[in-house]
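In the working numbering, each number is its position in the sequence shown, counted from 1, plus 8.
Report on one structure; see the data block that follows.
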Amino acid sequence: MSSTVRAAPRKGKDMRKPTLERSQGRSGGIQRLYRFENGFGASVVQNTYSYGGNEGLWELAVLKFSGPDIKDYKLTYDTPITDDVIGHLNEAEVEEYLEKIEALKLV
């Protein structure tokens, strides 16, 4: 069972510019990577296989970075944000989660 802290949607707020944006090839989607100064980040995807992707919605995973490169990350499932990925998010909801991830303290 997944435990997730749901963010309240904030109307009229668009997602911030990602650290890296790339297409996902065969899945026909897009991935946006965000990296924050606290060592955490997020992978936000929209494709045919993501939760909500077929409805134009986003799926978010919390990342923990281990080095200076944008590719130096692993998905983390042990934060107060969630212990899984979070799907079916609109852009305002994604931004709310990005703010929560950016505020995490690295332990």
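Idealized CB from N, CA, C, for every residue including glycine.
Please classify residue i: is it buried, with 16 or more other beta-carbons within 10 angstroms of its beta-carbon, or exposed?
i	result
residue 114	exposed
residue 30	exposed
residue 83	exposed
residue 34	exposed
residue 74	exposed
residue 49	buried
Relative to the C-alpha of residue i, which residue among the options is closest?
i	options	result
residue 90	108, 32, 25 and 54	108
residue 88	69, 78, 52 and 79	69
residue 58	32, 43, 79 and 76	32
Going by the CB atoms, is the gap between residue j and residue i shorter than 8 Å?
i	j	result
residue 56	residue 41	no
residue 67	residue 94	yes
residue 23	residue 110	no
residue 65	residue 96	yes
residue 112	residue 62	no
residue 2	residue 92	Here the chain has residues from 9 to 115 only, and residue 2 is not among them.
residue 119	residue 102	Any answer about residue 119 is impossible in this case: the structure gives the chain only from 9 up to 115.
Examine the ligand ZN and report whether any of its heavy atoms sits within less than 7 Å of the Cβ of residue i.
i	result
residue 73	Annotation note on the ligand ZN: not contained in the displayed structure, which lists no ligands.
> Which residue spans inside the region 16-58 form an unbroken beta strand (DSSP E) run of at least 3?
Replying inline: Qualifying beta strand (DSSP E) stretches, in chain order: 28-31, 38-43 and 48-54.
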